[in-house]
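Take a look at the structure below.
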Amino acid sequence: MGSLSKLNYRIIFYLMGLLLLVNGGFMWLAALFSLSYGDGATTPISLAGATTMLIGAALMLATRQHRKEIQKREGYIIVTFGWLFMSLTGTLPYIYSGAIPSFTNAFFETMSGYTTTGSSILSDIEALPEGILFWRSITHWIGGMGIIVLAIAILPLLGIGGMQLFAAEAPGPGGDKLHPRITDTAKRLWLIYVGYTLAETLLLSLAGMSFFDAINHSLSTLSTGGFSTKNASMAHWNGSPLIQYITMIFMFLAGTNFVLSYFAFKTKFSKIFQDEEFKLYVALIFGFTVLTGLIIYFWADPSQSSIDHPMVWGKFESAIRHGMFQVLAVITTTGFVTADFTAWTSFLTIFFLGLMFLGGSAGSTSGGIKIVRHLIMIKNGMLEFKRTLHPNAILPVRYNQRAVQQPIVFNILAFFILYMLSFIVGVLVFSWIGLDFKTALGGAASSLGNVGPALGALGPTENFGNLPEAGKLWASFLMLIGRLELFTVLILFTPFFWRNR
Numbered sequence: 001m002g003s004l005s006k007l008n009y010r011i012i013f014y015l016m017g018l019l020l021l022v023n024g025g026f027m028w029l030a031a032l033f034s035l036s037y038g039d040g041a042t043t044p045i046s047l048a049g050a051t052t053m054l055i056g057a058a059l060m061l062a063t064r065q066h067r068k069e070i071q072k073r074e075g076y077i078i079v080t081f082g083w084l085f086m087s088l089t090g091t092l093p094y095i096y097s098g099a100i101p102s103f104t105n106a107f108f109e110t111m112s113g114y115t116t117t118g119s120s121i122l123s124d125i126e127a128l129p130e131g132i133l134f135w136r137s138i139t140h141w142i143g144g145m146g147i148i149v150l151a152i153a154i155l156p157l158l159g160i161g162g163m164q165l166f167a168a169e170a171p172g173p174g175g176d177k178l179h180p181r182i183t184d185t186a187k188r189l190w191l192i193y194v195g196y197t198l199a200e201t202l203l204l205s206l207a208g209m210s211f212f213d214a215i216n217h218s219l220s221t222l223s224t225g226g227f228s229t230k231n232a233s234m235a236h237w238n239g240s241p242l243i244q245y246i247t248m249i250f251m252f253l254a255g256t257n258f259v260l261s262y263f264a265f266k267t268k269f270s271k272i273f274q275d276e277e278f279k280l281y282v283a284l285i286f287g288f289t290v291l292t293g294l295i296i297y298f299w300a301d302p303s304q305s306s307i308d309h310p311m312v313w314g315k316f317e318s319a320i321r322h323g324m325f326q327v328l329a330v331i332t333t334t335g336f337v338t339a340d341f342t343a344w345t346s347f348l349t350i351f352f353l354g355l356m357f358l359g360g361s362a363g364s365t366s367g368g369i370k371i372v373r374h375l376i377m378i379k380n381g382m383l384e385f386k387r388t389l390h391p392n393a394i395l396p397v398r399y400n401q402r403a404v405q406q407p408i409v410f411n412i413l414a415f416f417i418l419y420m421l422s423f424i425v426g427v428l429v430f431s432w433i434g435l436d437f438k439t440a441l442g443g444a445a446s447s448l449g450n451v452g453p454a455l456g457a458l459g460p461t462e463n464f465g466n467l468p469e470a471g472k473l474w475a476s477f478l479m480l481i482g483r484l485e486l487f488t489v490l491i492l493f494t495p496f497f498w499r500n501r
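With the first letter of the sequence shown counted as 1, position 53 gets the number 53 in UniProt numbering; the numbers rise by one all the way through.
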């Protein structure tokens, strides 16, 4: 057996400090928004930023003498505890300002932000100061591309290699790289991410949103988060189809592998149209939109489906638009709502529950299982029929015209089994806490898949505020393991991980 070296604790705490410095810097950005709007929350948000940066600086100072080396184990610890440290300090603007005085509620809201889930305990969002709302959206944006990828982009300045961090942060099956150096990859991804955010902000502003609403919704859309500045979420703009169409375009892009966006900017369109995951992603969205739109048009109660609003292109356009919006919002795990999809017939309620397990593309900011995993599992399942008839034949699973290595297929199957077990345990714990079956089912699927809206008492028109404290903490745990794709967090619970040999 291979030997495991002792953990390099100094580099772990040093990078925790670095992440807290970044977190505090974003809090000061929120404080600037607060100052410009004169909302009265500038001082508490600034103090929260100062506290966070002070803790970060102290950690970095105390561990400045460290080995500049990260092994796999350190990578997993830095990613998991990095998210926890960011979430714990991320509660400070809410607590200091009194916007969310309860620590459990503030921790839930913050974890929901960083994991880009979008579930909320807030009942009156519009009453919050602008600086707090902006901070809430920023937590999405930081978490969307991954707080660790952000750190990777500046690790060369510290003389530290970031490959192990990137592997722990993005453990999915997609192996595409934009550039051979991992730091250059991170920088290119962030450039695309920032560019899309600015583009959506501009377009939403031109379509009639205020600048404040536009930038907040752009931060939420590109991160596939779902926090809104309005109590009614995107339903607030049901009278403006253009705003919803713009949001749909960017939800679609956010749920697509960002590597494909890079290829598009480099005019390498053949790479995009040859990508099997992308083709399936487009086909599923199109097919599910038609199905949902037709059911809304012919069978849904107009008073419950938002198609009774006076629309320019009539009832059919409205039904298709709402159908497409909710399909995109759930598949990409953005979680915006334009209507209560649980009121669109029992069939569509179950249908959207199923979509919560789909997820967007690998290499996107979306949560869920991811389309490529489903695709490879289906291909492997079909090959099992052939292997039954021809037991001696060598039949590899092929993806994008290349044979998928057997360990990757096994990893995907193990991931799916672990995901479903986590879902079942999630439902059982919610039921034990006191939630009814429908609510427990939706709450576990939504939290684990980082979707946002769920079913029952946690449906699109409700929030998570009435969950007992234990339920909020359990949902936070599910959000974390779902966002970090299970293995990164759950491996820390295995005894052999901590064993030095």
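Beta carbons: idealized from backbone N, C-alpha and C, even for Gly. These numbers come from a predicted model, not from an experiment.
Contact check between the region 408-417 and the region 465-472: fewer than three CB pairs, one atom from each, fall below 8 angstroms, which does not count as touching. Residue nearest to Ala50 within the set Leu7, Leu478, Glu69, Val22 is Val22 (criterion: CA-CA distance).
In this structure the region 276-292 does not touch the region 212-224; the number of beta carbon pairs closer than 8 angstroms is below three. According to the DSSP secondary-structure assignment, Ala254 is paired through a beta bridge with no residue. The beta-carbon separation of Gly367 and Ile331, rounded to 11 angstroms, does not stay under the 8 angstroms limit for a contact. It is roughly 38 angstroms from the alpha-carbon of Tyr37 to the alpha-carbon of Ala62. For Lys68, no alpha helix (DSSP H) segment is defined, and its DSSP state is neither H nor E. Distance from the Cα of Thr256 is smallest, within the candidate group Gly287, Asp213, Val372, for Val372. Non-local C-beta neighbours of Gly452 in its own chain, meaning closer than 6 angstroms and more than five positions away in sequence, comprise Thr117, Gly118, Ser119, Gly226, Gly335, ordered along the chain.
Beyond the five residues adjoining it in sequence on each side, Leu204 comes within less than 7 angstroms, by CB distance, of Ala214, His217, Ser218, Ile243, Ile246 in the same chain, given in chain order. In the three-state scheme derived from DSSP, where H, G and I count as helix and E and B as strand, Ala403 is classed as strand.
In the DSSP assignment, the residues bridged to Arg398 are Ala403. Taking C-beta atoms under 8 angstroms as the contact rule, Ser228 and Ile138 fail to qualify, at a distance of about 14 angstroms. For Arg136, the uninterrupted alpha helix (DSSP H) segment begins and ends at 130-145.
The alpha carbon of Thr104 has as its nearest neighbour, out of Tyr114, Lys230, Thr91, Ser447, the alpha carbon of Thr91. Inclusion of Ser34 and Glu130 in the CB contact set at 8 angstroms is warranted, their separation being smaller than that value. Cβ contact annotation for Glu276 (same chain, cutoff 7 angstroms, sequence separation greater than five): Leu375, Tyr399, Asn400, in chain order. When the beta-carbon positions are compared, Lys370 and Val397 stay at least 8 angstroms from each other. For Thr289, the enclosing alpha helix (DSSP H) stretches over residues 276-298. The C-alpha of Thr80 is placed about 15 angstroms away from the C-alpha of Ile70. In this structure, the alpha-carbon of Met86 lies about 28 angstroms from that of Leu358. For Met382, the three-state secondary structure derived from DSSP is helix.
Cβ-Cβ distances below 8 angstroms link Phe252 to Ile285, Leu328, Thr332 in the same chain, with the five nearest sequence neighbours on each side left out; the list follows chain order. Restricting attention to Leu128, Leu428, Thr224, the CA atom closest to the CA of Lys230 is found in Leu128.
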